[in-house]
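Student: Take this structure first; my questions come after.
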Amino acid sequence: MTEKDGGLAFLPLGGTGEIGMNLNLYRLGDTWLAVDCGIGFSGNDTPEAEILVPDPVYIMERREKLAGLVITHAHEDHIGAVAHLWTRLGCPVYATPFAATVLRRKLGEARLDQQVKIHVIPCGGRFNVGPFDIEFIPVTHSVPEAQAMAIRTPQGVVVHTGDWKIDPTPLVGPPTDIERLKQIGDEGVLALVCDSTNVMTPGSSRSEAEVRQGLTELMGTLKGRIAVTCFASNVARVETIAMAAQAAGRVVVLVGRSLRNLDVAARECGYLSGVLPFLSEYEANDLDDDRVVMIITGSQGEPRSALSRISADTHQTIALGEGDTVIYSSRMIPGNERAIMQVQDNLTRRGVRVITDKEGYMIHCSGHATADDVRTMYDLIRPQYSVPTHGEWRHLTAHAALAQEKGIASILLEDGDILNLAPGAVQVVDTAPTGRLAVDGNRLLAMDGDVLSARRKMLFNGIIIASFAVDDEGYVIGEPKISAPGLLEQDEPESNRVQEEFSNAIDEIPDELRMDDGSFREAAKTALRRALGRKLQKRPLVDVHVLRV
1 MTEKDGGLAF LPLGGTGEIG MNLNLYRLGD TWLAVDCGIG FSGNDTPEAE
51 ILVPDPVYIM ERREKLAGLV ITHAHEDHIG AVAHLWTRLG CPVYATPFAA
101 TVLRRKLGEA RLDQQVKIHV IPCGGRFNVG PFDIEFIPVT HSVPEAQAMA
151 IRTPQGVVVH TGDWKIDPTP LVGPPTDIER LKQIGDEGVL ALVCDSTNVM
201 TPGSSRSEAE VRQGLTELMG TLKGRIAVTC FASNVARVET IAMAAQAAGR
251 VVVLVGRSLR NLDVAARECG YLSGVLPFLS EYEANDLDDD RVVMIITGSQ
301 GEPRSALSRI SADTHQTIAL GEGDTVIYSS RMIPGNERAI MQVQDNLTRR
351 GVRVITDKEG YMIHCSGHAT ADDVRTMYDL IRPQYSVPTH GEWRHLTAHA
401 ALAQEKGIAS ILLEDGDILN LAPGAVQVVD TAPTGRLAVD GNRLLAMDGD
451 VLSARRKMLF NGIIIASFAV DDEGYVIGEP KISAPGLLEQ DEPESNRVQE
501 EFSNAIDEIP DELRMDDGSF REAAKTALRR ALGRKLQKRP LVDVHVLRV
């Protein structure tokens, strides 16, 4: 169905087939609705970039028809790209009080807070975005105020779960509203667009209450400094760590900017009310080792995070060593294994004891639905169709198998697939351009563009730059200079050989090429490649500067 046919369609631009970078679109007639707008972190396959966002080019071309952006919750992979992409979307934003508070701080840092219209919607509220009739349904997740969405349209009802789990004792925020989900299922639901991240874990979800008990028992047995690393946006976990620390007679220090921002936003919205004020990292060194618990960012091995710098002993205020303990109260996101293990190895080398949930301690539980949770969701919603989303391909296929157990047809999508939901057959009818952009300072760069392609080439093959001066007739004055950082040492024999061969080669460039700077430069670059490649067997990024005097 086309946009003019008045039909209902779903289009994921990010987050399907991978974890992170969620950006979903719904179309009703020719009006569009965006749901979530998140960042992803680069892995081993993209070392040239650190933070990635989905490429919104498809919806940018239709931005005058984009009625709004709805945020389901305040995790980075659902809210983190708004400040980077909003100028390309230009639409109003709808969010709960906590997500709105977090977003305003991000927009303020980007100097967009006066431009973006944010509509604050209460948890469980019902509101309209253009022709879309939307109801928030509270669900449990590892951040306050996570909301599923019932999207009502003349073509049918779609339930978009966002991130969720079933936890009868979540400690921060209400449990998933089972009764309201069942009532919406009774209305009749066309499609369930559902989180797949933790669907391969059997059984029911563990509770945050179990983690609080486990951390409290563990901290009571430890001496020396204790550091706990977790996802910075996990308010429930931050409260759990703080409560466990207080039970052990310890005070809590926050280390990392994102944690400090979370603390401000959470307390502003009434969360962490039972937790004593946190101390800053600058006060940690004034405390006895046996009286401190530090909550530290960097659970995924991010190179610039506080924990990574502490493990390398390059943090400006915090040091850990013999007799100290680091507890990983987080899961290992696929793709981050190498970075995490490097940090843990560095900590161990410094004499720090590293504790993870693999050692049998109840120190972490996922905020995402397990297999039994997903089965329960299908029993409540009873949709005609299942659309697994938010996960790697293996998660999506496992989710589809669970839906089929319930006799529900499942449609697997790649990013960019346009799924017609109504009227007519529920099927992929078209594809939209998709991709990833790298956040590079205050600009966005295409992953397949010239800048990052050059950066990739420099990373693996190095760069070599030559410069020389020529007279009016194009003849070289003096000796050419060569610089090859990351490829050749300045005074090593190989560097001298390359410089000598290059000097000889440019002397042999034909006279007819010497009078045009562009032609001379290209010929010199070819000569430099040949001089370098004969022995090093490398294809570095090559540049030549010609100065005519």
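In full-length UniProt numbering, the protein residues as written are 1 to 549. The beta-carbon is built from N, C-alpha and C at its ideal position, and this holds for glycine as well. Since the model is a prediction, treat every value here as computed from it, not as a measurement.
Going by DSSP, what residue range makes up the beta strand (DSSP E) through T31?
Tutor: Note, T31: beta strand (DSSP E), 31-37.
Student: Nearest CA to the CA of L320: which residue from N285, S410, R237, L279?
Tutor: Of N285, S410, R237, L279, the residue nearest in Cα terms is N285.
Student: Can you list, in chain order, the residues of its chain with a C-beta nearer than 8 Å to that of S258? Leave out the 5 residues immediately preceding and following it.
Tutor: Around S258: A232, S233, T297.
Student: My assumption, with CB atoms under 8 Å, is that G224 sits in contact with T325. Please give the rounded CB distance.
Tutor: Confirmed, about 6 Å.
Student: I'd like to know whether the C-beta atoms of G40 and I79 end up nearer to each other than 8 Å.
Tutor: Cβ atoms of G40 and I79: not closer than 8 Å.
Student: Do three or more CB pairs link the stretch 211-224 to the stretch 66-76 at distances below 8 Å?
Tutor: Contact between the stretch 211-224 and the stretch 66-76 is absent, because fewer than three Cβ pairs lie under 8 Å.
Student: Can you check whether the CB of V293 is closer than 8 Å to the CB of R250?
Tutor: Cβ atoms of R250 and V293: closer than 8 Å.
Student: Quick one: what does DSSP say N24 is sitting in, helix, strand or coil?
Tutor: Here N24 sits in strand by DSSP.
Student: Quick one: what does DSSP say N128 is sitting in, helix, strand or coil?
Tutor: Three-state result, N128: strand.
Student: Does the stretch 509-516 come close enough to the stretch 537-547 that 3 or more CB-CB pairs lie under 8 Å?
Tutor: The stretch 537-547 vs the stretch 509-516: no contact.
Student: What does the Cβ neighbour count give for G90, buried or exposed, with the cut at 16 atoms within 10 Å?
Tutor: Looking at its Cβ environment, which holds fewer than 16 other Cβ atoms inside 10 Å, G90 is exposed.
Student: By Cβ distance, which residues of its chain are closer than 6 Å to Q155, with the 5 residues on each side in sequence left out?
Tutor: Cβ within range, chain order: L8, A422.
Student: Considering only DSSP beta bridges, list what M243 is partnered with.
Tutor: Answer is none; M243 lacks a bridge partner.
Student: Using beta-carbon positions only, say whether K106 and V82 come within less than 8 Å of one another.
Tutor: The answer is yes: Cβ separation under 8 Å.
Student: By DSSP, does G391 sit in helix, in strand, or in coil?
Tutor: Strand.
Student: With V82 as the anchor, note down where its beta strand (DSSP E) starts and where it stops.
Tutor: No beta strand (DSSP E) contains V82, which is instead part of the alpha helix (DSSP H) from 82-89.
Student: In the DSSP assignment, find the unbroken beta strand (DSSP E) run with N336 in it and report its ends.
Tutor: Run containing N336: none; DSSP gives neither H nor E here.
Student: Is any non-hydrogen atom of the ligand FMN found closer than 7 Å to the C-beta of T297, if you look at the structure I gave you?
Tutor: Looking at this structure, you won't find the ligand FMN or any other ligand, since it has none at all.
Student: So, using beta-carbon positions, are T161 and C194 closer together than 8 Å?
Tutor: Yes.
Student: Keeping to the same chain, check which residues put their C-beta closer than 8 Å to that of E239; ignore five residues upstream and five downstream.
Tutor: L171, V172, Y271, L272, G274, V275, listed in sequence order.
Student: What distance in whole Å lies between the Cβ atoms of T397 and L412, which are believed to be in contact at a cut-off of 8 Å?
Tutor: About 7 Å; that satisfies the 8 Å criterion.
Student: Can you say whether L547 is buried or exposed, counting buried as having 16 or more other CB atoms within 10 angstroms of its CB?
Tutor: So L547 ends up on the exposed side.
Student: Looking at the secondary structure, which residues open and close the beta strand (DSSP E) in which H545 lies?
Tutor: It spans 541-548 - the beta strand (DSSP E) in which H545 sits, taken as one unbroken run.
Student: Give, in chain order, every unbroken run of the alpha helix (DSSP H) that is at least 4 residues long and sits entirely within the stretch 386-457.
Tutor: Counting only runs of 4 or more, we get 393-405.
Student: Is L52 near I418, with beta carbons less than 8 Å apart?
Tutor: For L52 and I418, no; Cβs fall outside 8 Å.
Student: Between A469 and I477, which are expected to be in contact by the criterion C-beta below 8 Å, what is the C-beta distance as a whole number of angstroms?
Tutor: Indeed, because the Cβ distance is near 5 Å, the residues count as touching under 8 Å.
Student: Return the first residue and the last residue of the beta strand (DSSP E) that F502 is part of.
Tutor: Unbroken run through F502 is the alpha helix (DSSP H), 493-507; no beta strand (DSSP E).
Student: Quick one: what does DSSP say R250 is sitting in, helix, strand or coil?
Tutor: If DSSP states are grouped into helix, strand and coil, R250 belongs with coil.
Student: Cα-Cα, which of G20, R62, E50 is closest to Y26?
Tutor: The shortest C-alpha separation from Y26 is found at R62.
Student: What is the rounded straight-line gap between the Cα of S196 and the Cα of A369?
Tutor: In a straight line, the C-alpha of S196 is about 8 Å away from that of A369.
Student: G68 bridges to which residues according to DSSP?
Tutor: Paired residue(s): L33.
Student: Span of the alpha helix (DSSP H) holding L513?
Tutor: Its alpha helix (DSSP H) spans residues 511-514.
Student: Just to confirm the assignment, what range does the alpha helix (DSSP H) spanning residue 552 have?
Tutor: Beyond the ends of the chain as shown, which are 1 and 549, falls residue 552; an answer cannot be given.
Student: In this structure, how does DSSP classify M149 when only helix, strand and coil are distinguished?
Tutor: M149: strand per DSSP, three-state reduction.
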